[in-house]
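Since the structure comes first, as structure tokens, the remarks are kept for the end.
Protein chains in written order, with our numbering: chain A, 559 to 865; chain B, 26 to 302.
Dropping the structure here:
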């Protein structure tokens, strides 16, 4: 496999130009692939909303029709509301839980490495499996969760069947799946904090809470920001949430778990309305950018390099 | 990962923390334990709360492999995930080598463009990507499952970071020995990047074995179903037959958990790096 990068100057190229040629050939497969399968779709995602796209390749210009339809579609606005609720619940929950776990598995306790592995374990299982297992455990009447709750005198609930509870249940399962991943990120951040700071503070008689408040929390800010940013993007874009919703609730009950991304999927692949789906996708892109910008503002700057 | 210095910590506190860790770990692992346990229960027992099956049986697994072409779905996933992983590692390491070690005009701009694709998530581009793949005639084909899954900036990014830190002397020695750029890449760069390639290989393989939305979107033909698509359809087909569904879920999950326990150090390292460079 000669990549045309042989060093004999047979083509009369200078060393500099041979380096350029070699670089172009090395980069070409990935650069072309990213352009075709990510770049082009991204541009299309923003433009396709202005077209009518039918199931078999017919495309015609539709002006603002799809966008007009979108602003008149109450289900779309409901799905945005669900998306925002999901993201807020997920981001806040996974932040607290994974930071808590990271702090816990930094302690000197026996088998701490083993605990770390166990907390991470849910994250390697596929979300389809995760959705199936939780659905099984939460089944009305016969699910193990309700049976256990009833045996200790707490009435069982319809975790996935009650519109008041279903979204919260999906948020909890998402947190369970992601907490190990963000725990690892937090652990890496905690390791960057020089141990001397803690030693000095302890000599001054600082207590555990003060150590956290005055050393860990401020110095962990870059990591915290990174976790908030990535979990927000994950939540809004909804790749993971889609799998869970598809398996566990199909957007129901009463559309209470119909995330934006799920509603878009239904419009495109169940009703073949690709143009309308694209219009809503482009709106989701705006939402994503807005959420990212908000995150920068709320965290005051939002640098996440650790020096 | 060393535990923090907490030498002055009182014993009772440590015991309480240990107890807390045990409780949380049990809660964390319980759903997976329950999945495996239920997979060994018969249809009469599957809705009981027995932790360990009273009458363990292999019937569910037998059913999954004989009444359903489950092996075919697993082989599809194995094939797609393996090809994607190998192609991705090869392309990404070539691109990363050029971006890190060669000088050419527009290099930083190109890197920035590649980096910015990290923000593009599949669901956002799902509809246009589907239409594009349809126009390319790749619907319902292995090519459609494999090709779009190869390209992502994450691997390029991590590898470039790794290559930037390599000492230049090794490359120079290879040039003196008469190697071209390809020779340097093949004989010097690739062997040196074995650890990070191993970490990324585990990462990519898991991601593709577990991927659902893309295979779901572009495959109608059941012969091409990947395992996640297959088990999700199981649920509608065998609604309520949880013993079968849990057996299928267990079969789909065991390889990922096994990979994790064997390669957890590599996996954890690649996640840590992703957060900090």
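Idealized CB from N, CA, C, for every residue including glycine.
The structure presented is a predicted model; accordingly, all values stated were derived computationally and were not measured.
- Bounds of any beta strand (DSSP E) do not take in residue 181 of chain B; it lies within the alpha helix (DSSP H) bounded by 178 to 189.
- With contacts defined as CB atoms closer than 8 Å, residue 277 of chain B and residue 253 of chain B qualify as a contacting pair.
- Of all alpha-carbon atoms in A:714, A:641, A:674 and A:684, the one lying nearest the alpha-carbon of residue 698 of chain A is that of A:714.
- Interface with chain B (8 Å Cβ-Cβ cutoff): residue 665 of chain A is included.
- Per DSSP, reduced to three states, the secondary structure at residue 785 of chain A is helical.
- Secondary-structure assignment with DSSP links residue 619 of chain A through a beta bridge to A:609.
- The residue from A:577, A:586, A:684 and A:611 with its alpha-carbon nearest to that of residue 797 of chain A is A:684.
- Between the alpha carbons of residue 169 of chain B and residue 55 of chain B lies a distance of about 37 Å.
- C-alpha of residue 158 of chain B to C-alpha of residue 826 of chain A: approximately 15 Å in a straight line.
- A straight line joining the alpha-carbon of residue 242 of chain B with that of residue 592 of chain A spans about 20 Å.
- Going by beta carbons, residue 82 of chain B and residue 65 of chain B fall inside the 8 Å limit.
- For residue 839 of chain A, the residues of chain B that pass the 9 Å Cβ criterion are 148, 149, 150, 151, 152 and 153, in the order they occur in the chain.
- With three or more CB-CB distances shorter than 8 Å, the stretch 252 to 266 of chain B counts as touching the stretch 681 to 695 of chain A.
- The three-state reading of DSSP puts residue 779 of chain A in helix, counting H, G and I together.
- Taking a 10 Å sphere around the C-beta of residue 209 of chain B, we find 16 or more other C-beta atoms and assign the residue as buried.
- Between residue 651 of chain A and residue 729 of chain A the beta-carbon gap is near 6 Å, inside 8 Å, which marks them as a contact.
- Shown here, residue 248 of chain B sits in a helix according to DSSP, grouped into three states.
- Closer than 8 Å to the CB of residue 621 of chain A there is not a single CB belonging to chain B.
- Counting along the chain, residue 651 of chain A sits inside the alpha helix (DSSP H) bounded by residues 632 to 662.
- Neighbours of residue 695 of chain A in chain B, taken as residues at a C-beta separation under 7 Å, are given in chain order as 56 and 59.
- The beta carbons of residue 127 of chain B and residue 581 of chain A sit closer together than 8 Å.
- Counting along the chain, residue 717 of chain A sits inside no alpha helix (DSSP H), nor does DSSP assign it H or E at all.
- It is roughly 26 Å from the alpha-carbon of residue 272 of chain B to the alpha-carbon of residue 673 of chain A.
- Secondary structure of residue 263 of chain B (DSSP, three-state): coil.
- The beta carbons of residue 257 of chain B and residue 805 of chain A sit about 6 Å from each other, so the pair counts as a contact at 8 Å.
- With a 10 Å radius around the Cβ and a threshold of 16 neighbouring Cβ atoms, residue 247 of chain B comes out exposed.
- With fewer than 16 other Cβ atoms inside 10 Å of its own Cβ, residue 245 of chain B counts as exposed.
- DSSP assignment within the stretch 71 to 131 of chain B yields the following whole alpha helix (DSSP H) runs of 4 residues or more, N-terminal first: 84 to 91 and 95 to 126.
- Residue 92 of chain B sits exposed, since fewer than 16 C-beta atoms from the chains shown fall within 10 Å of its C-beta.
- Excluding sequence positions up to five before and after residue 154 of chain B, its CB lies within less than 7 Å of the CB of 173, all in the same chain and listed in chain order.
- Taking each of A:773, A:768 and A:745 in turn and checking the Cα distance to residue 754 of chain A, the smallest one comes out for A:773.
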